[in-house]
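Numbering (my numbering), first residue to last: 3 to 412. C-beta: ideal position from N, C-alpha, C; glycine also.
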C-alpha cells in the first residue's frame with residue numbers, strides 16, 4: 003500500500019505520514035490515523051481501501067481533494083469511526099452525503115469546522131453512538147433533530163455552539179417515560195442560548211454532564227440537583243453558572259442521602275452565588291472537588307475538608323483558605339493534587355508535609371507563605387510544585403529539583 007501513494011518513491015513520503023501508513027498496514031488497513039498530517043492533500047485513494055473501519059483526518063488543514071468521496075458510504079461502507087475535526091474543507095455538502103449514505107457510522111467528530119451550517123442530515127444516521135460538534139459556531143439548522151432523533155446516542159458534544167438553545171435541551175429530555183435511553187455524556191459548555199435545563203432531569207442514563215460557562219441558565223438547576231432519575235450521575239461541571247446556588251447544594255445533599263446519588267466529580271468554579279458549602283460534607287463519594295473562585299463562600303469549608311477524606315483532587319483557589327484549613331488538609335491520606343493559588347492568608351504549609359500521597363501542589367500567589375517549604379523534600383511522590391510569586395530559598399529549590407520535583411517559580 004505504501005507504494006500505491008501518488009509519490010513515486012517511498013523515500014519521498016514525509017516521515018510522519020510514512021509512520022502512520024506503516025501503522026495502518028500493521029492493522030490490516032482497518033485503522034488509519036492521519037491526524038495532523040498537513041502534507042495530506044488528496045485522500046481520494048482511500049476509497050479503495052475497502053476494509054477501513056476507523057479513519058482520522060483531524061487537522062489535515064491542507065486537504066484539498068477526496069473528502070466528499072470519503073463521506074460517501076457506498077465507497078467506504080465499512081467505516082464505523084470517522085474523525086474530521088478542524089478540517090476547513092468539511093462543509094454542508096459533505097454532511098449531506100454522509101447523512102444520506104453512511105447509515106452504519108457509530109462515531110463521528112467534526113469539531114471546529116466553521117463551514118458546517120446544517121447538520122440535519124446527521125439525524126438520519128440512527129447508528130450514531132458518539133457525536134462531537136463542539137465549536138462548529140456557524141451551525142444554524144438541524145440541532146433539534148440531532149437532539150431528538152438519535153436515540154442510540156451515548157455521548158454528545160454540542161459545546162460552544164450559539165444555536166444550541168432550550169428547544170435542544172427539551173428534545174434531549176422529551177423521550178417519554180417508556181424510553182430508557184442511552185445518553186451517558188452530555189457536554190454543553192459555553193452555550194449561552196440555554197436558559198432552562200429542567201429537561202435534563204429526565205435523562206436517567208446520564209453519568210457525565212458539563213454546563214460550564216452556560217451563564218444564562220436561570221431555570222432547572224435546583225430541580226436537576228434533586229432529580230431521582232439522575233442517581234447515576236458521576237461527574238458534574240457547572241463552572242461559571244451564576245444560578246448555581248446554595249439551594250442546589252442542599253438538593254445535592256438530599257439526593258445523596260435519600261436518592262442514591264454517588265457523585266465523584268463536582269466542579270463549581272467561579273459560582274459566586276454559593277455562600278455555604280456545608281452540604282458538600284455529606285457527598286462522601288466525591289473524589290474531585292473544585293471550588294476555585296467561589297469568592298462568596300462564608301460557611302462550611304472546615305466541615306467539607308474534614309468530612310471528604312477520600313478526595314484525590316481539591317481545587318480551592320481564591321476562596322480564603324487559611325492556616326486552619328491547611329492544618330485540616332494535612333490530615334488527608336489520599337489527596338494527590340492540591341490547588342490553593344491566591345490564598346493570601348496562608349503563612350505555614352508545614353502540615354502539608356504529612357500528606358505523603360501529594361503529587362502536585364499549587365501555591366502561586368500565596369505571598370505570605372513562608373514556613374514549611376524546607377520539609378517538602380520528604381514527599382517522595384511530589385512531582386510538581388508551583389510557587390509563582392512566593393519566596394522559596396535557593397537551597398530548598400535545589401533540594402526539591404534534586405528529588406525530581408518540577409518547581410515553577412514564575
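- For residue 39, the closest alpha carbon among the candidates 17, 55, 28 is that of 17.
- For residue 360, the number of other beta carbons within 10 angstroms of its own is at least 16, and it is reported as buried.
- Straight-line measurement puts the Cα of residue 412 at about 4 Å from the Cα of residue 390.
- In the DSSP assignment, residue 111 falls within the beta strand (DSSP E) that extends over 109–111.
- A distance below 8 Å between beta-carbons, with the five flanking residues on each side excluded, links residue 185 to the following residues of its chain, in chain order: 155, 156, 157, 158, 174, 205, 207, 208.
- Residue 282 sits away from residue 317, with the two beta carbons spaced by 9 Å or more.
- In terms of CA proximity to residue 164, 143 leads the group 409, 147, 143, 176.
- Residue pairing by DSSP puts residue 158 in a beta bridge opposite 133, 188.
- Note: residue 34 is bridge-paired with 57 in the DSSP secondary-structure output.
- Rounded to the nearest whole angstrom, the C-alpha separation of residue 387 and residue 172 is 45 Å.
- Here residue 382 is exposed: its Cβ has fewer than 16 other Cβ atoms, across all protein chains shown, within 10 Å.
- Residue 362 is bridged by DSSP to 339, 386.
- Around the beta-carbon of residue 319, 16 or more other beta-carbon atoms lie within 10 Å, marking it buried.
- The continuous beta strand (DSSP E) containing residue 210 extends over residues 210–212.
- By the neighbour-count criterion, in which a residue is buried when 16 or more other Cβ atoms sit within 10 angstroms of its Cβ, residue 101 is buried.
- With distances taken between CA atoms, residue 160 lies nearest to 191 out of 191, 183, 153, 147.
- Excluding five sequence positions before and after residue 256, the CB atoms of its chain that fall closer than 7 Å to its own CB belong to 228, given in chain order.
- Residue 44 counts as exposed, since fewer than 16 other C-beta atoms from the protein chains shown sit within 10 angstroms of its C-beta.
- Residue 168: member of the alpha helix (DSSP H) spanning 168–175, first to last residue.
- Separation of residue 98 and residue 128 (C-alpha to C-alpha, rounded to the nearest whole angstrom) is 15 Å.
- Rounded to the nearest whole angstrom, the CA to CA distance from residue 396 to residue 332 is 25 Å.
- Judged by their CB atoms, residue 241 and residue 272 are nearer to each other than the 9 Å cut-off.
- For residue 315, the pairing in a beta bridge is given by DSSP as 290, 339.
- When beta bridges are read from the DSSP output, residue 269 appears opposite 239, 292.
- In the displayed model, residue 253 falls within a helix according to three-state DSSP.
- Contact check for residue 291 against residue 308 fails: the beta carbons are separated by 9 Å or more.
- In this model, residue 58 and residue 303 are separated by some 46 Å (Cα to Cα).
- A direct Cα-Cα distance of roughly 15 Å separates residue 134 from residue 82.
- The residue from 47, 37, 150, 115 with its alpha-carbon nearest to that of residue 137 is 115.
- If you compare the alpha carbons of 377, 345, 89, 72 with that of residue 112, the shortest gap goes to 89.
- Secondary structure of residue 356 (DSSP, three-state): helix.
- By the C-beta density criterion, residue 239 is buried, having at least 16 other C-beta atoms within 10 angstroms.
- Shown here, residue 84 sits in a strand according to DSSP, grouped into three states.
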